[in-house]
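To convert a position in the sequence shown, counted from 1, into the working numbering, add 3. Each residue gets a CB set at the ideal place from its N, CA and C atoms; glycine is no exception. To start, the structure under review is shown below, and the notes come after it.
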Amino acid sequence: MIPASMGRNFFLLWAGQTVSQLGNQAFALAMMFWTMKATGSASLMGLLMTCSMLPGVLLGPFGGTFADRHSRVRIIVVGDLLAGSGVLATALALWLRPDDTRLILTLLFAVSVLLGVVRAFFQPAVAAAIPELVEKEKLAAANSLSQFSIQASVLAGQAVGGVLYTAIGAPLLFLVDALSYFFAGGSSALIPRDRPPVAERTGEAHPFRLFLRETAEGFRFVWGQKGLRDFVLAASLVNFLAMPGTVLFPFYVELYLGAGLEWYGFLLAAVSAGAIAGFILSATLQLGGRRRAFAVLAAMVLYTVFFGSLAFIRLPFLALAAVFLGGLTVGVINVHLITLTQTATPGEMRGRVMGLLATLGGGLMPLGMVLGGIVGDLTGKNFPAIVLVSAGIALLVTISLGASRACREFLATG
4 MIPASMGRNF FLLWAGQTVS QLGNQAFALA MMFWTMKATG SASLMGLLMT
54 CSMLPGVLLG PFGGTFADRH SRVRIIVVGD LLAGSGVLAT ALALWLRPDD
104 TRLILTLLFA VSVLLGVVRA FFQPAVAAAI PELVEKEKLA AANSLSQFSI
154 QASVLAGQAV GGVLYTAIGA PLLFLVDALS YFFAGGSSAL IPRDRPPVAE
204 RTGEAHPFRL FLRETAEGFR FVWGQKGLRD FVLAASLVNF LAMPGTVLFP
254 FYVELYLGAG LEWYGFLLAA VSAGAIAGFI LSATLQLGGR RRAFAVLAAM
304 VLYTVFFGSL AFIRLPFLAL AAVFLGGLTV GVINVHLITL TQTATPGEMR
354 GRVMGLLATL GGGLMPLGMV LGGIVGDLTG KNFPAIVLVS AGIALLVTIS
404 LGASRACREF LATG
């Protein structure tokens, strides 16, 4: 199935976000490589990642409410243009002042915060818009295709990112990212502007109080879905436990695999390739009911096993296989969770719910990044010990989740 078969508007959104994700990987890799080489500090790398993620965690529910009150298409367009402008400023600074480490670090922190704020409004808008752009029976396929194309772009960007960083340097990689955001904004601007699903309600209360009230409605809706709530809170804890390994991953490649920076890109690309395989598998099997519940819970268990095995792996190609299989489990989990949530949520509340899920699911990740960097420096970058402990705890959390009847019923719904 080609994207155009789902309609022109979905194709425009799909094309823009596919390209912007390709450039986004260029920014992420360049930021991590430049910081590692310029400072050698795992704590600083963790703090940078935290600054990128924390705004989305804190503002996600409000971004979702904003997406329910305003044109989701316009939010997507403005978000891409703002992100592109920030990254372009960083590229110019690297060209004009390449030796000014303090200036460049300051810009990286500022742009990381900007991108985090943009994502807080952007991601709920995209997730809420997709069901409006395709027919209901094509929603699962559209989510699989959307996730597939994003991960394909991530894979391509990560696979060549390390090589390109060595060949052309950080400024050009940042420029590629900026141009990709501008392309995405232009593509989405061709979609007819949609009407906000929640009309402005005047005379009831002050607009700010009304905004907070509608945000609270999203909280109450999610909290009332016990199975969904339990699943997302468990996922948040698992994500937190994964963050120390994520922050230390470049050091794992260099110190424990004895490989060059290009292998960091290859391994990240293998995660994306695995996720793509998971999307294809989910779309092909189209599991429902108890089989879907079993598949999702099994994928969560295997996720901890595959990534935990990196503690014992010292050969790059074995690490490649482990992270590919781990990525596959992530792909299976994400497609089913997104589709289940979209179909279970009324259209006028979808932005709030998707924004809140992003906050709950990633709520502990910024803390995990900061702690991961600190623990990494204190332990001399002892990646194996940190990953093994984290994976063991995550496995216990996942087993406890599987024992929740409400969670199993939620995953089996529909």
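Residue environment, residue i, which counts as buried when at least 16 other CB atoms sit within 10 Å
i	result
Cys410	buried
Gly19	buried
Phe315	exposed
Asp103	exposed
Ile78	buried
Glu412	exposed
Arg317	exposed
Ile171	exposed
Pro349	exposed
Thr342	buried
Ala219	exposed
Val22	buried
Arg105	exposed
Gly89	buried
Arg75	buried
Thr68	buried
Pro101	exposed
Gly383	exposed
Gly43	exposed
Thr332	buried
Leu117	buried
Thr38	buried
Gly66	buried
Cβ distance (whole Å) where residue i is taken to contact residue j below 8 Å
i	j	result
Pro247	Gly375	3 Å
Gly49	Val373	5 Å
Gln345	Pro174	Gln345 to Pro174, Cβ: 39 Å. No contact.
Val256	Leu270	7 Å
Pro58	Met357	The pair is not a contact, with the Cβ atoms about 16 Å apart (cut-off 8 Å).
Leu182	Gly26	7 Å
Ala144	Ala286	6 Å
Leu110	Ala92	7 Å
Leu16	Ala132	7 Å
Cys54	Ser115	4 Å
Val241	Val400	6 Å
Leu414	Val299	5 Å
Gly334	Gln150	7 Å
Ala302	Ile336	5 Å
Leu61	Ser239	Not a contact, Cβ separation roughly 14 Å.
Gly418	Met34	Beyond the ends of the chain as shown, which are 4 and 417, falls residue 418; an answer cannot be given.
Neighbour flag for residue i against chain C, beta carbons, 8 Å
i	result
Pro58	Structure shown: chain C not included; a single protein chain is present.
Inter-stretch contact at 8 Å, needing at least 3 Cβ pairs: the segment 322-339 / the segment 294-314: yes
List in chain order: all unbroken alpha helix (DSSP H) runs of 4+ residues lying wholly within the segment 286-357. 292-311, 319-347
Cβ contact check for the segment 67-83 and the segment 119-126: 3 or more pairs under 8 Å: yes
The segment 284-294 / the segment 393-409 touching (three or more Cβ pairs under 8 Å): no
Below 8 Å, how does it come out for the segment 378-388 and the segment 224-233: are there three or more Cβ pairs, yes or no? no
Should the segment 383-392 be called in touch with the segment 233-241, which here means at least 3 C-beta pairs below 8 Å? no
Taking only runs of the alpha helix (DSSP H) that begin and end inside the segment 21-80, which ones reach a length of at least 4 residues, in chain order? 45-72
Should the segment 127-146 be regarded as contacting the segment 85-103, the criterion being three or more beta carbon pairs within less than 8 Å? no
In chain order, which alpha helix (DSSP H) runs of at least 4 residues are fully inside the segment 170-254? 173-192, 210-227, 229-254
For the segment 269-281 against the segment 398-408, do three or more pairs of beta-carbon atoms, one drawn from each stretch, fall closer than 8 Å, so that the two count as touching? no
4-residue-minimum alpha helix (DSSP H) runs that sit fully inside the segment 109-156, ordered along the chain: none
Enumerated in chain order, which unbroken segments of the alpha helix (DSSP H) with a length of 4 residues or greater are wholly contained in the segment 374-400? none
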